[in-house]
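In this text, residue positions in the sequence shown follow numbering that gives the first Met the number 0: the first is 0, and each later residue adds one. Read the structure below first, then the notes.
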Amino acid sequence: MGTLLRSALRPLRRVGGLRGPAADVPLRGVRHGANGLLYPGHIPTSPLQKALLAAGSAGMSLYNPYRHDMVAVLGETTGHGALKVLRDQMRNDPEGAEILQERPRISLSTLDLDKLRSLPEGSLGQEYLRFLHVNRVSPDTRAPTRFVDDEELAYVIQRYREVHDMLHTLLGMPTNILGEIVVKWFEAVQTGLPMCILGALFGPIRLSAQSLQVLVSELIPWAIQNGRRAPCVLNLYYERRWEQPLRALREELGITDPPPCMSGA
Numbered sequence: 000m001g002t003l004l005r006s007a008l009r010p011l012r013r014v015g016g017l018r019g020p021a022a023d024v025p026l027r028g029v030r031h032g033a034n035g036l037l038y039p040g041h042i043p044t045s046p047l048q049k050a051l052l053a054a055g056s057a058g059m060s061l062y063n064p065y066r067h068d069m070v071a072v073l074g075e076t077t078g079h080g081a082l083k084v085l086r087d088q089m090r091n092d093p094e095g096a097e098i099l100q101e102r103p104r105i106s107l108s109t110l111d112l113d114k115l116r117s118l119p120e121g122s123l124g125q126e127y128l129r130f131l132h133v134n135r136v137s138p139d140t141r142a143p144t145r146f147v148d149d150e151e152l153a154y155v156i157q158r159y160r161e162v163h164d165m166l167h168t169l170l171g172m173p174t175n176i177l178g179e180i181v182v183k184w185f186e187a188v189q190t191g192l193p194m195c196i197l198g199a200l201f202g203p204i205r206l207s208a209q210s211l212q213v214l215v216s217e218l219i220p221w222a223i224q225n226g227r228r229a230p231c232v233l234n235l236y237y238e239r240r241w242e243q244p245l246r247a248l249r250e251e252l253g254i255t256d257p258p259p260c261m262s263g264a
């Protein structure tokens with residue numbers, strides 16, 4: 000699979016390298032970009048190239064779920080239909096439409112960490128910052144969009160990636176494999192992205208029998224129920240809700256507390 004993916008990428012290298020857009024600027028279209036580029040970092044691909052990339056990245060993602068670069072490629076090459084649905088949901092929601100218009104980005108360069116630290120205990124901002132610290136993760140690890148041939152849809156999938164850690168915070172899920180699978184089930188219901196569905200279905204392969212039993216009996220039903228009940232989580236302008244109590248935001252979205260089996264996970 001690695002050879003297949005490398006062969007698919009090789010003819011694309013001349014387009015301009017793999018350097019992506021800065022994480023502190025809105026992802027905007029380039030009206031008359033060289034070589035047909037629609038946004039910074041865009042790599043135009045044919046349907047055949049997309050199919051090869053999808054096949055190769057799917058194989059690599061299943062072999063190593065922590066290859067986030069391969070997961071990103073898979074999402075971009077298979078998610079066109081789902082991204083259009085998500086884009087339309089955002090256009091039809093006042094808060095979502097404002098996000099599409101302003102194109103905010105979430106990165107260490109755009110976050111005011113001092114402000115987040117000063118927020119009250121239990122606020123979204125404080126809990127998000129705690130999540131990053133406890134799990135030793137950074138918003139800057141999200142890959143830039145490259146293979147989506149529509150600049151607005153490219154922003155939609157970029158926004159999805161950048162709010163992923165926010166969903167962990169909302170759901171109270173850690174970044175271990177069990178927590179990631181639960182979030183993937185929630186995202187699969189919410190977004191319909193093939194990448195999320197694949198991760199939800201095949202992620203449990205590496206779990207122990209005991210963890211698998213807990214996942215199937217408690218966590219998956221909880222994630223599906225909350226994913227169906229909550230409105231589209233891409234329609235939340237999180238950057239304007241830092242001061243909102245996390246519990247109040249969960250109640251607004253209809254997200255219930257995680258099952259007791261995840262306490263201390």
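Just so it is clear, CB atoms sit at the ideal spot from N, CA and C, and this is done for glycine as well.
Exposed or buried, what is residue i when buried is set at 16 or more other beta-carbons lying within 10 Å of its beta-carbon?
i, result
"G121", "exposed"
"H132", "exposed"
"R249", "buried"
"T44", "buried"
"P203", "buried"
"G198", "buried"
"H31", "The predicted model places H31 with a pLDDT of 44, which falls under 50 and marks its position as unreliable; any figure quoted below should be read in that light. Result: exposed."
"N267", "Outside the shown range of the chain, which is 0 to 264, sits residue 267, and nothing can be said about it."
"R104", "buried"
"R205", "exposed"
"D164", "buried"
Please report the residue range of the alpha helix (DSSP H) in which residue i lies.
i, result
"C195", "P193 to F201"
"G74", "H67 to T77"
"A53", "P46 to Y62"
"I156", "E150 to E161"
"E251", "L245 to L252"
"W221", "I219 to R228"
"G178", "I176 to T190"
Between the beta-carbon of residue i and the beta-carbon of residue j, is there less than 9 Å?
i, j, result
"L192", "Y159", "yes"
"E150", "Y38", "yes"
"R86", "L152", "yes"
"T190", "L233", "yes"
"I196", "E75", "no"
"V136", "H79", "no"
"R102", "A96", "no"
"T77", "M261", "no"
"R145", "V188", "no"
If you draw a straight line from the alpha carbon of residue i to that of residue j, how long is it in whole angstroms?
i, j, result
"T109", "P138", "10 Å"
"L252", "P230", "6 Å"
"Q269", "P143", "Here the chain has residues from 0 to 264 only, and residue 269 is not among them."
"S117", "I98", "25 Å"
"E161", "K183", "14 Å"
"P173", "K83", "30 Å"
"I42", "Y127", "32 Å"
"N175", "L123", "21 Å"
"S72", "Q212", "First, the amino acid is wrong: residue 72 is Val here, not Ser. If I take the Cα positions, the gap works out to 31 Å."
"L200", "L169", "22 Å"
"A81", "E242", "31 Å"
"V181", "S216", "12 Å"
"S60", "D68", "9 Å"
"L52", "Q209", "35 Å"
"N134", "P259", "20 Å"
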